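In the working numbering, the protein residues as written are 30 to 216.
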Amino acid sequence: MKQNIFPAIKLTVLLLIVFSVIYPAIIWVAAQAAPNNGKGELAILNGKVVGYANEGQNFTDAKYFWSRPSAVGYNAAGSGGSNKGPNNADYLQIVQDRLDTFLVHHPTVKKEQVPVEMITASGSGLDPHISPQAALVQVDRVAKARNISVNILKQLIEKQTEKPLLGMFGPSRVNVLQLNIELDKLK
(Lines of atoms letter the chains of each structure in order from A; the text may use other names.)
(Lines give C-alpha, C1' and ligand atoms only; values in the text may rest on other atoms or scores of the structure.)
Protein backbone atom coordinates (compact mmCIF):
# COMPACT_ATOMS: atom_id res chain seq x y z
CA MET A 30 0.00 0.00 0.00
CA LYS A 31 2.84 2.41 0.83
CA GLN A 32 4.24 1.91 -2.64
CA ASN A 33 1.00 3.34 -4.12
CA ILE A 34 0.18 6.13 -1.66
CA PHE A 35 3.42 8.10 -1.86
CA PRO A 36 3.51 8.24 -5.71
CA ALA A 37 -0.17 9.25 -5.67
CA ILE A 38 0.52 12.06 -3.20
CA LYS A 39 3.54 13.23 -5.24
CA LEU A 40 1.46 13.23 -8.43
CA THR A 41 -1.36 15.13 -6.70
CA VAL A 42 1.03 17.81 -5.43
CA LEU A 43 2.71 18.07 -8.85
CA LEU A 44 -0.63 18.46 -10.66
CA LEU A 45 -1.82 20.95 -8.05
CA ILE A 46 1.25 23.11 -8.74
CA VAL A 47 0.92 22.75 -12.53
CA PHE A 48 -2.82 23.54 -12.72
CA SER A 49 -3.04 26.04 -9.85
CA VAL A 50 0.15 28.02 -10.40
CA ILE A 51 1.98 27.35 -13.66
CA TYR A 52 -1.00 27.14 -16.06
CA PRO A 53 -2.74 30.29 -14.70
CA ALA A 54 0.59 32.15 -14.88
CA ILE A 55 1.01 31.19 -18.55
CA ILE A 56 -2.53 32.35 -19.35
CA TRP A 57 -1.98 35.61 -17.46
CA VAL A 58 1.25 36.32 -19.38
CA ALA A 59 -0.49 35.59 -22.70
CA ALA A 60 -3.37 37.91 -21.74
CA GLN A 61 -0.94 40.80 -21.28
CA ALA A 62 -0.39 40.79 -25.05
CA ALA A 63 -4.15 41.08 -25.73
CA PRO A 64 -5.98 44.41 -26.03
CA ASN A 65 -6.51 46.08 -22.64
CA ASN A 66 -4.34 43.38 -21.01
CA GLY A 67 -6.98 40.70 -21.54
CA LYS A 68 -9.73 42.64 -19.78
CA GLY A 69 -11.76 43.10 -22.95
CA GLU A 70 -11.80 45.53 -25.86
CA LEU A 71 -13.12 48.86 -24.66
CA ALA A 72 -15.58 50.78 -26.84
CA ILE A 73 -14.92 54.53 -26.64
CA LEU A 74 -17.08 57.45 -27.81
CA ASN A 75 -15.82 61.02 -27.43
CA GLY A 76 -13.06 59.88 -25.07
CA LYS A 77 -15.53 58.11 -22.77
CA VAL A 78 -15.80 54.34 -22.28
CA VAL A 79 -19.32 53.28 -23.32
CA GLY A 80 -18.96 49.50 -23.01
CA TYR A 81 -17.02 46.44 -24.06
CA ALA A 82 -16.95 45.72 -27.79
CA ASN A 83 -16.89 41.96 -27.21
CA GLU A 84 -19.95 41.89 -24.94
CA GLY A 85 -23.58 42.21 -26.00
CA GLN A 86 -25.40 45.39 -25.01
CA ASN A 87 -29.11 46.06 -24.60
CA PHE A 88 -30.34 48.68 -27.08
CA THR A 89 -34.07 49.41 -27.04
CA ASP A 90 -34.21 53.01 -28.31
CA ALA A 91 -35.59 53.31 -31.84
CA LYS A 92 -32.62 55.45 -32.91
CA TYR A 93 -30.18 52.57 -32.36
CA PHE A 94 -29.68 49.20 -34.00
CA TRP A 95 -30.83 46.45 -31.67
CA SER A 96 -28.73 43.55 -30.47
CA ARG A 97 -29.67 39.93 -30.35
CA PRO A 98 -31.91 39.11 -27.36
CA SER A 99 -30.20 37.81 -24.23
CA ALA A 100 -31.44 34.98 -22.02
CA VAL A 101 -29.38 36.43 -19.13
CA GLY A 102 -30.27 40.11 -19.46
CA TYR A 103 -26.83 40.97 -20.90
CA ASN A 104 -25.25 40.12 -17.53
CA ALA A 105 -21.67 38.95 -18.13
CA ALA A 106 -21.49 37.49 -14.62
CA GLY A 107 -24.27 35.05 -15.51
CA SER A 108 -23.38 34.17 -19.07
CA GLY A 109 -25.52 31.42 -20.53
CA GLY A 110 -28.53 30.55 -22.59
CA SER A 111 -31.89 29.20 -21.56
CA ASN A 112 -32.34 25.48 -21.09
CA LYS A 113 -35.71 25.45 -22.78
CA GLY A 114 -36.02 23.27 -25.86
CA PRO A 115 -37.64 24.21 -29.17
CA ASN A 116 -40.90 22.47 -28.21
CA ASN A 117 -41.20 24.06 -24.77
CA ALA A 118 -44.41 26.12 -24.58
CA ASP A 119 -42.81 28.84 -22.42
CA TYR A 120 -39.92 29.20 -24.86
CA LEU A 121 -42.24 29.34 -27.85
CA GLN A 122 -44.26 32.08 -26.14
CA ILE A 123 -41.09 34.10 -25.45
CA VAL A 124 -40.05 33.82 -29.10
CA GLN A 125 -43.56 34.79 -30.26
CA ASP A 126 -43.55 37.82 -27.93
CA ARG A 127 -40.16 38.90 -29.30
CA LEU A 128 -41.43 38.49 -32.87
CA ASP A 129 -44.58 40.50 -32.14
CA THR A 130 -42.53 43.29 -30.51
CA PHE A 131 -40.10 43.34 -33.42
CA LEU A 132 -42.90 43.57 -35.98
CA VAL A 133 -44.63 46.39 -34.07
CA HIS A 134 -41.43 48.45 -34.22
CA HIS A 135 -40.70 47.48 -37.85
CA PRO A 136 -44.01 47.89 -39.71
CA THR A 137 -42.34 47.64 -43.14
CA VAL A 138 -40.93 44.17 -42.34
CA LYS A 139 -42.88 41.00 -42.97
CA LYS A 140 -42.78 38.10 -40.53
CA GLU A 141 -40.76 35.97 -42.97
CA GLN A 142 -38.09 38.68 -43.26
CA VAL A 143 -37.22 38.76 -39.55
CA PRO A 144 -33.84 37.07 -39.05
CA VAL A 145 -34.05 34.30 -36.47
CA GLU A 146 -31.24 35.88 -34.43
CA MET A 147 -33.46 38.88 -33.69
CA ILE A 148 -35.99 36.73 -31.83
CA THR A 149 -33.81 33.99 -30.30
CA ALA A 150 -31.09 34.45 -27.69
CA SER A 151 -27.52 33.32 -28.31
CA GLY A 152 -25.93 30.44 -26.42
CA SER A 153 -23.93 32.77 -24.20
CA GLY A 154 -26.59 35.46 -23.92
CA LEU A 155 -23.85 38.01 -24.61
CA ASP A 156 -23.32 37.84 -28.36
CA PRO A 157 -22.18 41.32 -29.49
CA HIS A 158 -22.75 40.60 -33.19
CA ILE A 159 -25.66 40.29 -35.57
CA SER A 160 -25.64 39.39 -39.24
CA PRO A 161 -25.60 42.15 -41.85
CA GLN A 162 -29.13 41.02 -42.77
CA ALA A 163 -30.31 41.60 -39.18
CA ALA A 164 -28.86 45.10 -39.31
CA LEU A 165 -30.37 45.85 -42.72
CA VAL A 166 -33.86 44.81 -41.61
CA GLN A 167 -33.68 47.55 -38.94
CA VAL A 168 -32.61 50.35 -41.31
CA ASP A 169 -36.09 51.83 -41.89
CA ARG A 170 -36.76 52.21 -38.15
CA VAL A 171 -33.38 53.82 -37.42
CA ALA A 172 -33.60 56.09 -40.48
CA LYS A 173 -37.03 57.33 -39.42
CA ALA A 174 -36.00 57.84 -35.77
CA ARG A 175 -32.87 59.79 -36.73
CA ASN A 176 -34.16 61.41 -39.91
CA ILE A 177 -31.21 59.98 -41.84
CA SER A 178 -31.11 58.60 -45.35
CA VAL A 179 -31.53 54.83 -45.68
CA ASN A 180 -28.59 54.78 -48.08
CA ILE A 181 -26.28 56.39 -45.52
CA LEU A 182 -27.26 53.71 -42.99
CA LYS A 183 -26.72 50.92 -45.50
CA GLN A 184 -23.24 52.30 -46.28
CA LEU A 185 -22.49 52.45 -42.55
CA ILE A 186 -23.54 48.82 -42.12
CA GLU A 187 -21.36 47.80 -45.07
CA LYS A 188 -18.42 49.68 -43.57
CA GLN A 189 -18.93 48.03 -40.16
CA THR A 190 -19.39 44.50 -41.53
CA GLU A 191 -16.61 42.16 -40.47
CA LYS A 192 -15.88 39.65 -43.22
CA PRO A 193 -15.21 35.96 -42.47
CA LEU A 194 -11.70 35.11 -41.27
CA LEU A 195 -9.51 34.51 -44.33
CA GLY A 196 -12.65 34.94 -46.43
CA MET A 197 -14.01 31.52 -45.49
CA PHE A 198 -14.15 30.86 -41.74
CA GLY A 199 -17.40 31.99 -40.12
CA PRO A 200 -20.15 34.29 -41.32
CA SER A 201 -20.02 38.02 -41.99
CA ARG A 202 -21.09 39.91 -38.89
CA VAL A 203 -21.69 43.38 -37.48
CA ASN A 204 -20.73 44.44 -33.96
CA VAL A 205 -23.86 46.26 -32.75
CA LEU A 206 -22.09 48.48 -30.21
CA GLN A 207 -19.47 49.60 -32.74
CA LEU A 208 -22.21 50.22 -35.33
CA ASN A 209 -24.16 52.38 -32.88
CA ILE A 210 -21.03 54.30 -31.90
CA GLU A 211 -20.39 55.09 -35.57
CA LEU A 212 -24.06 56.01 -35.90
CA ASP A 213 -23.72 58.54 -33.06
CA LYS A 214 -20.66 60.02 -34.74
CA LEU A 215 -22.70 60.86 -37.86
CA LYS A 216 -24.43 63.82 -36.19
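The beta-carbon is built from N, C-alpha and C at its ideal position, and this holds for glycine as well. Owing to the predicted nature of the structure, the values given are computational and were not obtained by experimental measurement.
- For residue 179, the closest of 188, 192, 190, 165 by C-alpha to C-alpha distance is 165.
- Judged by DSSP in its simplified three-state form, residue 215 adopts coil rather than helix or strand.
- The Cβ atoms of residue 186 and residue 161 sit closer than 8 Å to each other.
- Annotation for residue 40: the continuous alpha helix (DSSP H) segment containing it runs 31 to 46.
- Taking a C-beta distance under 8 Å as the contact criterion, residue 184 and residue 208 do not qualify as a contact pair.
- Exclusion of the five residues before and after residue 120 leaves 111, 113, 114 as the residues of its chain whose Cβ lies within less than 8 Å of its Cβ.
- Short of 7 Å from the beta carbon of residue 206, and not among the five residues preceding or following it, lie these beta carbons of its own chain, in chain order: 72, 80, 82, 86, 157.
- In its chain, beyond the 5 residues on either side, 98, 124, 127, 128, 131 have a beta carbon closer than 8 Å to the beta carbon of residue 148.
- With a contact defined as Cβ atoms closer than 8 Å, residue 92 and residue 174 qualify at about 4 Å.
- For residue 77, the uninterrupted beta strand (DSSP E) run begins and ends at 77 to 81, by DSSP.
- Bridge pairing for residue 146: absent [DSSP].
- By alpha-carbon distance to residue 210, the top candidate from 95, 69, 197, 55 is 95.
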